Structure formats: structure tokens, C-alpha cells
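Working notes, structure below.
Numbering (my numbering), first residue to last: 1 to 340.
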């Protein structure tokens, strides 16, 4: 009986201690920051708690509000904006933000409710209004700068940077006066444009401008092609003229050299015409009888007169055989046959 009573008291004690520890401790995750308030107020000496296990007085003396310090997302609805050249475009933008200073964030948005979700909702409402107001930076750019022709750089990145700068500089009127985002404990991480639409009249203007740009591009390409063709044709003609001039000059040089060489040989042949005829006959015989052929020719055939016995008859040493012989009666000479 006593053992059972001891077990009951032990369980009650453990339960009470668990409830008490839950009431006087709290845990902050590494992605969170906590603000401890006393009777719902964050005094001047209050500090935001970072990740870890912390102590506090039990409720209702103290309460803890935890904020997720990771980035959050706000997106506007489609808004009609006017460009510098009075064209209408419809933009949808977003911004990424996070709680930078949990204590300032709590002081500025705790009036929206007791929960952190209420504070987020109030902050996003204000950020949405600031973002819509900052989108008026579109008026600093023309439609052609935002959507340029091929080969040019779009200014949409600069527009996004201008919207971010406008949000950072913007102020929000509160009961305490004009305040910036830093006073709210908020940091804007990124601003971007998610969607762009055109009204019908703007769409027509964009199509006409793109068509004109394409026509201009086609004209430029055609002109470049013609210029390149002229350059290639001119270069080919210049090369052809240069080659023809070189060939003509070279031909003249070869003809001149041939004339000089032939003049030398003609001079030698003129000095000794019999020797020239003799050498010519030898060349003819060498060329004619170079292969295995059988010929039946007259001994009076030019070039074959050396085979006539009469050509060598009574030939003195050092004397050149005469290449012209008188035709004798048939019983003293006749046709010859040779084979090789």
C-alpha cells in the first residue's frame, strides 16, 4: 500500500515539475529569434533571444513571441504603370524580406495582435503598399528601353534595382511620424518583376516597333552581304589581274630566254651547216629506232641516209659525211630493211 502511494506521489511530482519547467523555460531554434515581454510590454531593457534554451517567468508575468528570421515572400497584384513615352504596361512584382531586428519588429507590429502571424500579416500589408508605390519607377524608362530590339540590353534589371532603392528610401506614416523600414526591423533582400502584360494598344505598338526593328536589321544584313560580296569580287579580280600580269611577264621572260638560246644554236648551226644536218639525222635515227620496230624505208629518207653505203664511201678521217647523195641506178643500190 505504501509502495503504491509512493509511486503516485512520484508521478504527481514529475508531472508538476514538467508543467513548471514548461512554464519557466522556452527553446529558440537557430532559424528563429524570440522577444520576451513582461505583461505584454517589451521594455527598453528587453533583448531578443537567440537560439538555445532560455528561462522566463511563468505566464501571465512573461510571454514569448518567436519570429522566423528566414526570408519571406510578398507579391503584388497586376498593376498598370506608365512608361516615359506614355505607354501602358501591366506589372506584377515581388519582394523577399526578413525580420532583421526582432525587438523593433515587435514594437512596431504587436498592435496587430498577440501572435507572430498577426505581426507578419501587418508587416506584409505595409510592404505591399510600399512595393506598389515603388513600382512607379517605371515612368523613368521608355518602352524601348525595357524591351529593346535584338542586340541591345534590357533595362528591366535597372528597373528592379530602382524599385528596391525606392522601397529602401520610402517612409511609412505612423502615429510616431514618418519611419523607414529600418525602424520596423525589416530588411528587403530582393525585389523582382514576375509578370508583364501589355494592353491592346501597347501590344500593337510593340509589334510595330519589333517589325520595324527586324526590317532595319534585315536591311543592315543585306548591305553587309553586298559589301562583303563586292569585297570578295574585287579581291578575286585583283588576284586574277595580278596572276595574269605575272604569267604574261613570265611568258615574255621564257620567250626571251628561248630566243636567246635558239639564237645561240642557230649561230652554231649557221657556222657549220653540214654538222648540224648530220646531228639532226642522228637524232632522227635515235628517236625512230628507239623501240623494237621493223621499218622498210628508202635510204634517201631524211635522217636515214647514213645507212647508205655510199654515204661513207671514200670518207676521210675527220670528214663529215655528206647528207645529200645522188640517186644511182637500181642495180647499184636500192631499198634497205632494218630490224631491231
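For each residue, glycine too, the CB sits at the ideal point set by N, CA and C. Given the structure is predicted, the values throughout are model-derived calculations rather than measurements.
Asked, Found
"6 Å Cβ shell around residue 247 - same chain, five flanking residues per side excluded", "none"
"Rounded separation between residue 3 and residue 32 - CA only", "46 Å"
"Exposure of residue 60, with buried meaning 16 or more beta-carbon neighbours within 10 Å", "exposed"
"Opposing strand residues paired with residue 195 [DSSP bridges]", "92"
"Rounded straight-line distance, which links the Cα of residue 26 to that of residue 7", "29 Å"
"Residues near residue 5 in its chain [Cβ-Cβ closer than 7 Å; skip 5 each side]", "none"
"Candidates 140, 187, 279, 254: closest to residue 343 by CA position", "Residue 343 falls outside the range modelled here, since the chain spans only 1 to 340, and no answer is possible."
"Same chain only: Cβ atoms within 6 Å of residue 105, ignoring 5 sequence neighbours per side", "99, 185"
"At least 3 beta-carbon pairs within less than 8 Å: the stretch 113 to 124 vs the stretch 215 to 233", "no"
"Three-state class that DSSP yields for residue 29 in the structure shown", "coil"
"Span of the alpha helix (DSSP H) around residue 292", "Unbroken run through residue 292: none, as it is neither H nor E."
"Contact between the stretch 129 to 143 and the stretch 72 to 83 (3+ Cβ pairs under 8 Å)", "yes"
"CB contact flag (residue 146, residue 154, <8 Å)", "yes"
"N-terminal and C-terminal residue of the beta strand (DSSP E) that residue 252 is part of", "Element bounds for residue 252: not the beta strand (DSSP E) but the alpha helix (DSSP H), 200 to 271."
"Cβ neighbours of residue 52 in the same chain (closer than 7 Å, five flanking residues each side left out)", "28"
"Proximity to residue 130 [Cα-Cα], best of 115, 164, 113, 111", "164"
"Neighbourhood of residue 187 by C-beta, 6 Å cutoff - its chain only, sequence neighbours within 5 removed", "98, 100"
"Range of the contiguous alpha helix (DSSP H) that encloses residue 132", "116 to 134"
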